[in-house]
Amino acid sequence: MKIAVPADEKSLDLGVCPSFGRAPYFLIYDTETNESKFIDNSAAASQGGAGVKAAQTIIDSKADALLTPRCGENAAVAIKAANIKIYKTIDGSIMDNINALVEGKLSELVDIHPGFHGHQGGK
Amino acid sequence: MNIAVLSGKGGTGKTLVSVNLAAAAGKSTYIDCDVEEPNGHLFFKPEQIESEKISVKIPLIDDALCNGCRKCVDFCKFNALAYVGSKVLLFDVMCHSCGGCSLLCPQKAISEIDKNVGEIQKGVSEDVTVVTGIMNTGEASGVPIIKNLLEYIPSSNESVFIDCPPGSACIVMESIKDADYCVLVAEPTLFGVHNLNMVYNLVKLFGKPHGVVLNKCLEGDNPSEKFCIENRIKILGRIPFDNELGTLNSNALIVARESDKYRAIFTSLLETVTKEVQHETAVNS
Chain A
86 MKIAVPADEK SLDLGVCPSF GRAPYFLIYD TETNESKFID NSAAASQGGA GVKAAQTIID
146 SKADALLTPR CGENAAVAIK AANIKIYKTI DGSIMDNINA LVEGKLSELV DIHPGFHGHQ
206 GGK
Chain B
9 MNIAVLSGKG GTGKTLVSVN LAAAAGKSTY IDCDVEEPNG HLFFKPEQIE SEKISVKIPL
69 IDDALCNGCR KCVDFCKFNA LAYVGSKVLL FDVMCHSCGG CSLLCPQKAI SEIDKNVGEI
129 QKGVSEDVTV VTGIMNTGEA SGVPIIKNLL EYIPSSNESV FIDCPPGSAC IVMESIKDAD
189 YCVLVAEPTL FGVHNLNMVY NLVKLFGKPH GVVLNKCLEG DNPSEKFCIE NRIKILGRIP
249 FDNELGTLNS NALIVARESD KYRAIFTSLL ETVTKEVQHE TAVNS
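Chain order of the listed sequences is A and B.
86 is the number of the first residue of the first sequence in my numbering; add one for each residue after it.
9 is the number of the first residue of the second sequence in my numbering; add one for each residue after it.
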């Protein structure tokens with residue numbers, strides 16, 4: 086299984102990036118090979134629609150699951166359309182979260198927020 | 009003359025100033041560009057309402073023709089399109105109706121359809137023509153409605169008062185585009201100065217002649233007044249912080265129509281603004 090996680094830096098020992106759409110990197114972790122790969126999030130600097138663009142990156146990476154503390158509405162629509170499951174992260178490092186998922190300890194993310202769409206600074 | 013009324017935040021008194029200036033002017037047009045929450049009509053209570061639906065173009069994707077080249081997805085600057093499971097997904101709220109995707113599609117799989125984003129209502133209140141823009145809940149941008157609203161500016165030389173949205177974002181820029189003069193409304197607090205500074209920078213950037221109305225004036229220090237003096241910004245008038253005005257206004261009454269005292273304040277403000285506009289026109293001609 087391939088797992089995607091937003092990351093502030095290219096390290097498995099640090100916490101999960103609190104933002105999905107604006108995370109600097111995404112970790113793509115393969116649980117079968119234990120291979121980890123960090124990819125740049127080209128959406129991080131977009132003016133608007135970062136969530137959708139970031140979702141596209143996750144979809145194109147062929148991930149099966151996304152672990153994130155939160156996710157906006159539009160991104161969630163795209164990710165779910167690609168049959169990728171979204172799980173809510175817990176405290177701890179990225180690796181802790183991957184282990185928690187493998188052990189079946191993470192729950193699906195249900196509180197999808199309506200998004201922070203630029204113009205008015207979110208509401 | 010087209011007068012735009014601005015402020016850095018909501019609740020400063022834009023609607024109070026623009027509604028009462030229009031009422032004091034008599035035969036005039038009031039245009040409410042605060043399309044997210046237009047409230048000028050609550051004061052004017054216009055009659056003989058005519059309404060016009062406003063729509064924008066959004067892409068319609070024919071999945072049968074799409075071959076998944078993703079040119080449209082890569083092109084869209086606003087990230088309104090995503091390619092998921094051999095289909096293009098549209099997020100219409102993000103779409104800025106540029107039409108690029110439909111022009112670009114090599115398969116001719118994208119056409120454009122109308123999407124309703126709100127409406128414009130036009131009515132009359134005594135001598136004042138009241139035009140209100142109303143954006144549908146959930147839309148991301150009021151700009152298309154404001155573009156249409158500004159077409160309601162009459163070609164005659166009667167006065168037009170444009171009640172702008174709060175802040176200094178793109179919808180405000182759109183609202184002041186056709187203005188001859190900008191009236192900035194300011195509160196007498198430090199936060200008020202911060203908000204005034206935002207719109208002051210905007211009108212300077214746009215090269216619009218401008219002046220400030222100090223609202224909610226009390227005895228004692230007025231940081232916004234100090235800001236105007238330091239930056240040599242013309243102070244057009246002062247509206248007192250007073251209970252009677254607050255009560256009339258919160259009961260959705262037009263103070264200039266209710267009492268001679270307030271009528272005098274807004275008539276005098278209107279005279280000052282008119283003189284300023286004429287002066288600016290003379291200087292720039």
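Even glycine gets a Cβ: it sits at the ideal position worked out from N, Cα and C.
The structure displayed is predicted, hence computed values, not measured ones.
Identity of the residues DSSP links to residue i by a beta bridge
i                      : result
residue 37 of chain B  : B:137 and B:168
residue 102 of chain B : Beta-bridge pairing links residue 102 of chain B to no other residue.
residue 221 of chain B : B:193 and B:245
residue 120 of chain B : B:67
residue 115 of chain A : A:87 and A:120
residue 143 of chain B : B:126
Under the three-state DSSP convention, the category residue i falls into
i                      : result
residue 86 of chain B  : coil
residue 202 of chain B : helix
residue 86 of chain A  : coil
residue 43 of chain B  : coil
residue 274 of chain B : helix
residue 123 of chain A : strand
residue 26 of chain B  : helix
residue 292 of chain B : helix
residue 3 of chain B   : Since the first residue of chain B shown is 9 and the last is 293, residue 3 of chain B is not available in this structure.
residue 147 of chain A : coil
residue 92 of chain A  : strand
residue 195 of chain A : coil
residue 153 of chain A : strand
residue 161 of chain B : coil
Cβ-based neighbour list, residue i, same chain, cut-off 7 Å, excluding 5 preceding and 5 following
i                      : result
residue 125 of chain A : 110
residue 91 of chain A  : 101, 102, 104, 105, 108, 111 and 153
residue 195 of chain B : 20, 223, 224 and 232
residue 283 of chain B : none
residue 143 of chain A : 89, 111, 151, 164 and 169
residue 82 of chain B  : none
residue 75 of chain B  : 115
Own chain, CB closer than 8 Å to residue i, minus 5 neighbours either side, in chain order
i                      : result
residue 245 of chain B : 221, 222, 273, 276, 277 and 280
residue 177 of chain A : 100 and 185
residue 175 of chain A : 181, 182, 185, 190 and 191
residue 267 of chain B : 252 and 256
Neighbourhood of residue i by C-beta distance below 6 Å, restricted to the same chain and skipping five residues each side
i                      : result
residue 135 of chain B : 34 and 35
residue 79 of chain B  : 112
residue 180 of chain A : 97
Cβ-based burial, residue i [other Cβ within 10 Å; buried from 16]
i                      : result
residue 37 of chain B  : buried
residue 72 of chain B  : exposed
residue 206 of chain A : Reliability of the predicted coordinates at residue 206 of chain A is poor, the pLDDT of 38 falling under 50, and the value obtained from them is presented with this limitation in mind. Residue 206 of chain A should be labelled exposed.
residue 209 of chain B : exposed
residue 49 of chain B  : buried
residue 204 of chain B : buried
residue 194 of chain A : buried
residue 167 of chain A : buried
residue 57 of chain B  : exposed
residue 86 of chain A  : exposed
residue 301 of chain B : Limits of chain B in this structure are 9 at one end and 293 at the other, which puts residue 301 of chain B out of reach.
residue 237 of chain B : exposed
residue 227 of chain B : exposed
residue 52 of chain B  : buried
Practice task
Output, in sequence order along the chain, the residues in the segment 162–176 of chain A whose CB is closer than 8 Å to any CB in chain B.
Solution key: 162, 163, 166, 167 and 168
Exercise for the section: Select from the segment 97–112 of chain B all residues with a C-beta closer than 7 Å to any C-beta belonging to chain A, and list them in chain order. Expected result: 97, 99 and 102
Handout entry: Residues of the segment 79–96 of chain B with Cβ closer than 9 Å to any Cβ of chain A, in chain order
Key = 81, 84, 85, 86, 87, 88, 89, 90, 91, 92, 93 and 95
Problem - Short-range partners of chain B found in the segment 114–133 of chain A, where Cβ spacing is below 9 Å - result: 128, 131, 132 and 133
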